[in-house]
Amino acid sequence: MTISEDTPLALEPGGRPVASTRPVGRHPSGTRWLIYLALVIAVVITLFPFFWMMTSSFKTQGEILRNPTGLFPQDPTWENYATWFTQLDIQKFFFNSVLVAVVTVLGNLVFCSMVGYALAKMDFPGKRLLFVLVLICLMTPGVVTLVPLFVLVSKIGLVNTYPALILPFLTTPLGVFLMRQFMMGIPDPLIEAARIDGAGDFRIFARIVIPLCGPPLATLGILTFLASWNNFLWPLVAAQSEDKYTLPVALALYTTGQDATDYGLLLAGSVLVVGPIVLLFVCLQRFFTQSIAATGVK
Amino acid sequence: MSSTTTPASAVNGAGRVVRTKASRARRRRQGIIAWLFALPFVLGFAVFMLFPIVSSFVMSFTDFTSRDVQNSFAVAFVGVSQYADLFSDPRFIKSMTVTAYFVVVGIPLTMVVALILAVALNSGIEKFRTVFRVGFYTPVVTSIVAIAVVWKFILQDNGLLNTVLGWVGIDGPNWLNSTTWAMPAMIIMAVWRNMGTLMIIFLAGLQAIPQEVKEAAAIDGANAWTSFRRITLPLLRPTLLLGAVLLSVGYLQFFEEPFVMTKGGPLDSTLSISYYTFNQFGFGKYATASAASYILFVAIALLSLVQFRALRSKD
Chain A
0 MTISEDTPLA LEPGGRPVAS TRPVGRHPSG TRWLIYLALV IAVVITLFPF
50 FWMMTSSFKT QGEILRNPTG LFPQDPTWEN YATWFTQLDI QKFFFNSVLV
100 AVVTVLGNLV FCSMVGYALA KMDFPGKRLL FVLVLICLMT PGVVTLVPLF
150 VLVSKIGLVN TYPALILPFL TTPLGVFLMR QFMMGIPDPL IEAARIDGAG
200 DFRIFARIVI PLCGPPLATL GILTFLASWN NFLWPLVAAQ SEDKYTLPVA
250 LALYTTGQDA TDYGLLLAGS VLVVGPIVLL FVCLQRFFTQ SIAATGVK
Chain B
0 MSSTTTPASA VNGAGRVVRT KASRARRRRQ GIIAWLFALP FVLGFAVFML
50 FPIVSSFVMS FTDFTSRDVQ NSFAVAFVGV SQYADLFSDP RFIKSMTVTA
100 YFVVVGIPLT MVVALILAVA LNSGIEKFRT VFRVGFYTPV VTSIVAIAVV
150 WKFILQDNGL LNTVLGWVGI DGPNWLNSTT WAMPAMIIMA VWRNMGTLMI
200 IFLAGLQAIP QEVKEAAAID GANAWTSFRR ITLPLLRPTL LLGAVLLSVG
250 YLQFFEEPFV MTKGGPLDST LSISYYTFNQ FGFGKYATAS AASYILFVAI
300 ALLSLVQFRA LRSKD
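Sequence order for the protein chains is A and B. Those letters in the first sequence? Residues 0 to 297, by numbering that gives the first Met the number 0. Those letters in the second sequence? Residues 0 to 314, by numbering that gives the first Met the number 0.
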């Protein structure tokens with residue numbers, strides 16, 4: 000590109016300053032490099048705990064105690080991981096976590112979109128009240144329901160069962176809110192046209208509304224999976240024997256139990272808990288960040 | 000709305016009465032179908048959410064304990080004495096100050112860090128933007144229990160943080176065993192774990208600000224800082240407030256960090272309201288736990304209400 004091609008643009012009528020040929024918000028290259036440098040430093044600091052967790056999980060117990068800040072293991076060992084897979088039943092914990100998460104996600108996708116459709120596109124007595132209740136429950140702290148929920152679950156004899164881990168999260172107010180907000184944006188004429196053609200509500204819901212709901216369903220699926228995978232307080236209370244532990248519960252009980260000083264084991268466990276979800280996140284990162292922006296912008 | 004567009008509404012004369020009746024029947028039918036759609040949710044919601052919320056409220060006016068679970072005949076109403084006891088319990092007062100400390104310091108700090116990251120990512124850099132975004136967001140998706148294992152090492156007396164501080168001549172404290180420094184350590188962790196969410200939200204808000212506005216400011220001779228302060232920040236206000244609401248609902252429930260890191264100690268210096276509640280539950284004092292949780296509930300509701308008002312007033 001030559002200067003002569005560029006010049007007329009810079010001298011356009013309206014007399015814009017030449018500097019504005021670079022988009023506003025873009026800094027001269029010196030500043031840009033500084034920003035890059037600062038961002039690189041910040042991201043290294045942010046990710047450092049994960050890096051250290053990975054490398055240290057291959058250290059021997061002795062090395063961790065001798066040199067707690069060392070970056071790389073002097074003689075790497077699989078010992079810590081081997082213990083999880085042979086002496087501790089990590090396959091079972093993993094299976095429990097996956098089972099609970101998958102069922103919870105499915106329940107939320109189906110039930111929240113159903114009630115979302117009713118709230119967004121149908122008229123019925125009690126609609127406003129239902130929506131207000133959903134909104135109130137959006138900000139109910141978890142500890143408010145903890146005690147009565149535990150009393151309830153023990154009264155119906157569900158303590159230490161899969162239903163106890165799953166049922167309380169099978170539908171969430173946030174899911175209802177998300178689906179309702181999105182479905183409000185689906186044009187009414189689309190639904191009316193189908194209705195005039197003789198389609199019932201169930202068919203409209205399944206054939207017209209749901210196919211349009213890809214983005215909020217992805218958002219809801221991701222948020223629910225994340226919440227379930229990392230959920231800690233309720234499974235800690237509701238799961239009482241090892242065969243019902245989820246990964247975080249198992250890890251937490253080992254960190255406070257008799258293995259509390261086996262640091263290598265705990266670090267390897269942390270990698271096993273964090274690893275799958277970080278991998279999933281990196282693969283699906285676009286949907287993840289979209290989903291956060293979606294709940295924010297509503 | 001759908002009811003106004005039913006075919007019956009356009010008819011007059013003799014047919015009217017019949018049609019209105021038909022439309023009423025149709026409406027009732029629609030009401031039934033709508034409730035069928037809502038049924039699975041309503042059932043789960045009523046049993047696992049509404050019922051616990053209401054019974055927690057009722058329980059907070061009784062002397063319910065773990066011994067009354069199987070046989071509730073001995074439970075008596077005690078009025079507001081659970082609440083009165085709470086406010087005369089120094090540990091509960093302590094837990095309120097701890098929670099307030101966490102909220103008052105943690106929220107602004109998280110917001111400032113997230114805003115700086117969002118502005119940096121929005122400042123015209125294109126290369127590696129996704130890498131940065133993923134990097135800053137990664138702590139959000141990870142389990143607190145796993146994170147705690149690592150952070151305990153980082154924060155211990157001869158750990159990474161103090162080693163780094165030592166390079167610049169600072170003799171770092173024994174973070175988790177110090178009544179002064181345990182809370183700052185919790186707050187650092189919380190900022191690290193929550194900045195990603197806000198960064199994404201702020202980034203979306205920044206990208207919604209039209210370029211023309213900033214160009215106009217640049218032409219009028221505003222420098223970057225003035226333009227940021229006078230234009231970007233005011234336009235970002237709704238997004239900032241939304242971030243504040245989301246954070247305050249979460250931060251008021253402050254529980255997991257101390258639970259896995261310090262068990263509320265040393266000397267209750269990290270004992271939050273949620274943690275206090277959880278302890279009462281553990282002691283079997285279910286009514287006390289319910290009352291404490293309701294105080295927290297009211298605090299969250301009030302703070303959200305105030306912030307929603309502020310959010311709406313400028314829109």
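Ideal Cβ placement from N, Cα and C applies to all residues, glycine included. These figures come from a predicted structure and were not determined experimentally.
The Cβ neighbour count for alanine 288 of chain B, taken over all protein chains shown within 10 Å, is at least 16; the residue is labelled buried. DSSP places threonine 287 of chain B within a helical segment (H, G or I) once states are collapsed to three.
In this structure, the alpha-carbon of tryptophan 34 of chain B lies about 38 Å from that of phenylalanine 92 of chain A.
With contacts defined as CB atoms closer than 8 Å, alanine 226 of chain A and isoleucine 207 of chain A fail to qualify as a contacting pair.
Within chain A, the C-beta atoms nearer than 9 Å to that of leucine 49 of chain B come from Leu132, Cys136, in chain order. Put simply, the segment 36 to 45 of chain A touches the segment 118 to 131 of chain B. At least three CB pairs are less than 8 Å apart.
Taking 8 Å as the cut-off, the Cβ atoms of leucine 129 of chain A and alanine 37 of chain B count as close.
In terms of beta-carbon proximity, methionine 185 of chain B stays away from the interface with chain A, with every pair separated by 8 Å or more. Contact with chain B is absent for lysine 58 of chain A, since none of that chain's Cβ atoms lies less than 8 Å from the residue's Cβ. Counting along the chain, glutamine 180 of chain A sits inside the alpha helix (DSSP H) bounded by residues 172 to 183.
Remark: fewer than three beta-carbon pairs, one from each stretch, lie closer than 8 Å, so the segment 246 to 258 of chain B and the segment 60 to 69 of chain B are not flagged as touching.
For cysteine 111 of chain A, the residues of chain B that pass the 8 Å Cβ criterion are Phe40, in the order they occur in the chain.
Linking tyrosine 116 of chain A to tyrosine 161 of chain A through their CA atoms gives a straight-line distance of about 29 Å. The alpha carbon of leucine 145 of chain A has as its nearest neighbour, out of A:Ala205, A:Ile195, A:Leu235, A:Gly174, the alpha carbon of A:Leu235. The Cβ-Cβ distance between alanine 290 of chain B and glutamine 155 of chain B does not fall below 8 Å. Between methionine 194 of chain B and valine 112 of chain B, the CB-CB gap stays under 8 Å. Within the segment 26 to 87 of chain A, complete alpha helix (DSSP H) segments of at least 4 residues are found at 28 to 55, 60 to 65, 78 to 85, given in chain order. The beta carbon of tyrosine 250 of chain B does not come within 8 Å of any beta carbon belonging to chain A, so the residue lies off that interface.
In this structure, the CA atom of asparagine 161 of chain B is about 12 Å from the CA atom of proline 67 of chain A. About 6 Å separates the Cβ atoms of threonine 254 of chain A and valine 148 of chain B, confirming a contact at the 8 Å cut-off. Just measuring C-alpha positions, the residue of B:Met110, B:Ala21, B:Arg26, B:Val305 sitting nearest isoleucine 186 of chain B is B:Met110.
At a cut-off of 8 Å between beta-carbon atoms, isoleucine 165 of chain A makes no contact with chain B.
Per DSSP, lysine 243 of chain A is not a residue of any alpha helix (DSSP H), being assigned neither H nor E. Any Cβ of chain B closer than 8 Å to the Cβ of glycine 61 of chain A would place that residue at the interface, and such an atom is absent. Taking 8 Å as the Cβ-Cβ cut-off, the segment 143 to 169 of chain B approaches chain A at Ile143, Val144, Ala145, Ile146, Ala147, Val148, Val149, Trp150, Phe152, Ile153, Gln155, Asn157, Gly158, Leu159, Thr162, given in chain order. The three-state secondary structure of phenylalanine 224 of chain A, taken from DSSP, is helix. Classified as exposed, glycine 165 of chain B has fewer than 16 neighbouring CB atoms from the shown chains inside 10 Å of its CB.
Contact annotation: in the segment 73 to 95 of chain B, no residue has its CB less than 9 Å from a CB in chain A.
If you keep only unbroken alpha helix (DSSP H) runs of at least 4 residues inside the segment 187 to 268 of chain B, you get 210 to 218, 223 to 226, 236 to 251, 255 to 260. When DSSP states are grouped into helix, strand and coil, phenylalanine 76 of chain B belongs to the strand group. In the pairwise beta carbon analysis, the segment 156 to 174 of chain A is classified as touching the segment 39 to 47 of chain B: at least three pairs are separated by under 8 Å. Counting only runs of 4+ residues, the alpha helix (DSSP H) found wholly inside the segment 40 to 76 of chain B occupies 50 to 58, in chain order.
For the 8 Å CB-CB criterion, isoleucine 299 of chain B and serine 94 of chain B do not form a contact.
Taking a Cβ-Cβ cut-off of 7 Å, the neighbours of phenylalanine 296 of chain B in chain A comprise Thr139, Pro140, Val143, given in sequence order. For cysteine 111 of chain A, the three-state secondary structure derived from DSSP is helix. For phenylalanine 91 of chain B, the uninterrupted alpha helix (DSSP H) run begins and ends at 89 to 120, by DSSP.
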